[in-house]
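Position one of the sequence shown corresponds to residue 1 (this note's numbering), numbered consecutively onward.
A virtual CB, placed ideally from N, CA and C, is assigned to each residue, including glycine.
For reference, the structure is listed below as C-alpha cells.
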Amino acid sequence: MFNYEKNLGMAYTEQLPELGQTLARCIALFGGKRLYGVGGDFAANLISALQPHLELCPSSNEMHAGFSACAQAETEGMGFCLTTYTVGSLPCVSAAALAMTESLPVVFISGAPGEQEVGKQAIHHTVHARAAWRTQYDNALQAFAALGIKAERLQGQRNDGQPNMAGERFLQLLHYAWQHRQPVFIEVPRDQVFSKTQALQLPDSPAQLGCGSQLLAGSELIAGEISNRLSQAQKPVLFIGDGVKHNPRLRTLLLKFAQKHHIPFATSWFAKGLFDEFDALCLGAYNGVFSDNLSRDYIEQHGDYVIDIASSIYAQDTNTAFATGSHFIEGFANKTVLKGTALQEQDLVELFEQLLCMTLPVFENALPVRSDTSGPLANTEKLDFHNLALALNQLQQQDSCPYLYLPEVGNSYFASYSLKTRLGGAGRGWLTNPWYGAMGTTLPYARHCAKLVQEQQLDERVVVITGDGGLHFQANELIEIQKDRTAIIIIYMRNNIFHLGKSGDGPIYHCNDPAFDIHKLIAAYGGESAHCRTVGEFNQVFKDYAQQNKGLKLIEVPADPDEQYQCREIRLLNLYIKAKNGDADALKQWQRVS
1 MFNYEKNLGM AYTEQLPELG QTLARCIALF GGKRLYGVGG DFAANLISAL QPHLELCPSS
61 NEMHAGFSAC AQAETEGMGF CLTTYTVGSL PCVSAAALAM TESLPVVFIS GAPGEQEVGK
121 QAIHHTVHAR AAWRTQYDNA LQAFAALGIK AERLQGQRND GQPNMAGERF LQLLHYAWQH
181 RQPVFIEVPR DQVFSKTQAL QLPDSPAQLG CGSQLLAGSE LIAGEISNRL SQAQKPVLFI
241 GDGVKHNPRL RTLLLKFAQK HHIPFATSWF AKGLFDEFDA LCLGAYNGVF SDNLSRDYIE
301 QHGDYVIDIA SSIYAQDTNT AFATGSHFIE GFANKTVLKG TALQEQDLVE LFEQLLCMTL
361 PVFENALPVR SDTSGPLANT EKLDFHNLAL ALNQLQQQDS CPYLYLPEVG NSYFASYSLK
421 TRLGGAGRGW LTNPWYGAMG TTLPYARHCA KLVQEQQLDE RVVVITGDGG LHFQANELIE
481 IQKDRTAIII IYMRNNIFHL GKSGDGPIYH CNDPAFDIHK LIAAYGGESA HCRTVGEFNQ
541 VFKDYAQQNK GLKLIEVPAD PDEQYQCREI RLLNLYIKAK NGDADALKQW QRVS
C-alpha cells in the first residue's frame, strides 16, 4: 500500500500534525484567543480539536456570534466565529454583510459534511427542495460568495502518498482576511479535522508572511506639495476618514503629526471614536449641517487648508451629510486628498513618516477656541434624547475612566454623535456599525468589549445606548453576559414605538407593550436596574453604576416622541426622510435648513 511513510519517509510522517491542531495554531498566529459560536453536530469535531487551545465562547444564537466576532475584529484586529453546517452558518449572513461593509477581517468557520458523506443523497442540514434533481451541498458557500466574500470548503487528501493541503489553505485564507481587511467563510468537512495535513513553519507574526511592499512611487513629491501648501496656510485642519480605523500605526502617526505642528483634526462620522475628543486639538466628528460641535464652526468659518486623509474612495451619502450639499469639505477648493490606495495604507504610512521628518510650520494660532456655553443641566430637567448626550458629556468630563459607548441603530445612534468620547486602553471610545447595515449589534458588541475590558483589566465603562425596539431584537444575548460575569451599563430609552423615519403610528411601528416590565427581565439575568425621569436621578444612578463597574446594570429612561425632546440630529434626519419621501412641507423646510 502506498502511503506517507513509503513516499516521504517515517521521519516526515511522524511530525505531521492533525488539521485541527494546525487550525488552532493559525488562529493564534493572527491574535485569536477566542471564537464566538454555537455548537452543532457537524462542528463537533472542530470544537473538540480547538477547545484545548482556544476559548470557545457560546453565543445565544449564530447571528450574535457573528456580531461579537465583528466587535472582536474592530478591537483586536481579527474576529473568529464558529458554527455548524448551513443551519448555523446561514444565520451569520447578516453579520457577514456587516463585516463586508465595515471592512472587518472576520473568519466565519463552519463545520461541514465529511467528504465521504457527499453523494446523491440529501443529508440533514442541506438546503434542498423536495423536487430538486440534484443534491445541493454548496448553498452556504454560494450565499456568502453572493456578498462578495471569499468562500471555500477545505479539501482532504487527494493522493495516497501526499498529506492534504487543507492546513496551508486555511492559513492562506486567514492571511487574505488580515491583509485585505475582508471577511472569509471556510467550511471544514468533519471527517478531515483529525486527518494529517502538511506541516507548516509559522512565523512569529502575520506581518512576516509578507503583506506586500509599498509599490506606489512619488510620496516624497506629495510631501513636498503638502509642505508648500502648509507654508501658505494660517489655519489648516486634518480631516480623518474611516480608512484609518484598523491601522493603529497610521493613527499614531497622524496624532503625532497633529501634535507636532499644532494642527487641529476632525474625523468623519464613520471614524468617530478613534481619537480622544477631549484632546485640545480634536474638533470631534464633522458631517456638514448635521454637525453641531466645534468641528463645524472651525472648518466652515476658519479653516483655509484641508488635508483629507483616508476617506472613502466612493462617495457615501451618510458620511457626506446625506448628499445635502452642506458638507463643506466635499467642495472645499484648497485641500489635499489622500485616500490611501495601497494595501494596508502603506502609502499613507510612508507619506506621514516623511512629513514627520520635514521642517514644517507650527500653527500656534490655529488652535480652536473652546467655549462651553451650555452650562450644567438642571437636576429637575426632564432627561430625553434632546439632552442625553450633554448629560453624559458632563459626567464623562468629571470622570477619568473612559466610557466606551455602543449605540444601537435608530434614535440612539444619531443622538450619540454629540457624545464627547474619551479614549482608553480598548482603543475605541465609540463603537457601532455606522453604515447601520445590521440591527441588533450592540449587546453582542458590548459582550465582546466587556470581555476585553475584564481580560485586560482596563478602566473603561462599557455603555450601551438603545431603544426598546433594539433591546427586544437582541435581549437573548443577556444570558451570555450573565454567564461572562462582566460589567455593562445599558441606557434604555423607552418610547414603545419605532420613531426614526416612520411615516405613521400604525401597529407595524409598535415595538413594545406598555405593560412590559424591563426590571423583572434584568433581575432574571442577575442585574440591577433603575427608572430615571430627570437629569438629577440619571446622574446619581449612572455615577453609582459606573463606580461599581460590576455586573449588568440598566437605566430605563422614558422617551417622549414629541419633537421638542428629540436631539438636533434626529429632528434633521426625520425631516430629511420625510422630504425624500415626497412630503411637500418637509421638502421646503429641508431646503431652508440645508
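Within the same chain, and ignoring the five residues on either side of Glu381 in sequence, the residues whose Cβ sits closer than 6 Å to its Cβ are Val535.
If you look at Arg134, you'll find it isn't in any beta strand (DSSP E); DSSP assigns it neither H nor E. Taking the Cβ atoms as the reference, Thr432 lies roughly 21 Å from Gln454, outside the contact range of under 8 Å. Within the stretch 392-417, the complete alpha helix (DSSP H) segments at least 4 residues long are 411-415, listed from N- to C-terminus.
DSSP places Asp562 outside both helix and strand once states are collapsed to three, so it counts as coil. For the pair Tyr137 and Val107, the Cα-to-Cα distance works out to about 20 Å. Out of Leu200, Gly331, Thr324 and Gly340, the CA that lies nearest to the CA of Arg251 is found in Gly340. In this structure, Leu554 keeps its C-beta atom at 8 Å or more from the C-beta atom of Ile508. Beta-bridge partners assigned by DSSP to Asp308: Phe239 and Val337. Judged by their CB atoms, Val87 and Ala143 are not nearer to each other than the 8 Å cut-off.
For Ile222, the enclosing alpha helix (DSSP H) covers residues Ser219 to Ser231.
With fewer than 16 other Cβ atoms inside 10 Å of its own Cβ, Cys357 counts as exposed. Assignment of Arg158 by DSSP, reduced to helix, strand and coil, places it in the coil class. Gly79 is bridged by DSSP to Val106. A direct Cα-Cα distance of roughly 36 Å separates Asp544 from Asp297. Thr84 sits buried, since 16 or more C-beta atoms from the chains shown fall within 10 Å of its C-beta.
About 3 Å separates the CB atoms of Gly288 and Ala321; that is less than 8 Å, so the two are in contact. Of all alpha-carbon atoms in Arg428, Glu168, Lys420 and Gly467, the one lying nearest the alpha-carbon of Leu443 is that of Gly467.
When C-alpha distances from Asp513 are compared across Gly218, Phe498 and Gly526, the shortest belongs to Phe498.
Comparing C-alpha distances from Asn411 to each of Asp399, Met439 and Ser400 shows the shortest one belongs to Met439. For Ala151, the enclosing beta strand (DSSP E) stretches over residues Lys150 to Arg153. Note that the C-beta distance between Ala559 and Phe385 is below 8 Å. Between Thr75 and Ala426 a beta carbon distance of about 6 Å is seen, short of the 8 Å cut, so the two are scored as contacting.
Where Val462 is concerned, the enclosing beta strand (DSSP E) starts and stops at Arg461 to Gly467. Note that the C-beta distance between Val557 and Leu383 is below 8 Å. Annotation: Gly39 is outside any alpha helix (DSSP H) and is labelled neither H nor E by DSSP. Counting along the chain, the unbroken alpha helix (DSSP H) around Thr101 starts and ends at Val93 to Thr101.
One alpha carbon belongs to Gly156, the other to His128, and they sit about 24 Å apart.
The DSSP-derived three-state label of Arg249 is helix. The C-beta distance from Pro17 to Ala199 rounds to 6 Å, short enough to meet the 8 Å contact threshold. Residues Gly273, Glu277, Gly429 and Trp430 of the same chain have their beta carbon placed closer than 6 Å to that of Thr421, with the five preceding and five following residues left out of the count.
Burial state of Thr359 is exposed, judged by a 10 Å Cβ sphere holding fewer than 16 other Cβ atoms.
At the C-beta level, Phe170 and Ala49 stay beyond 8 Å of one another.
By the C-beta density criterion, Asn379 is exposed, having fewer than 16 other C-beta atoms within 10 angstroms. Under the 8 Å Cβ criterion, the stretch 215-234 does not count as touching the stretch 181-190, having fewer than three qualifying pairs. Taking a cut-off of 8 Å on C-beta distances, the stretch 202-209 does not touch the stretch 224-233, as fewer than three cross pairs fall below it.
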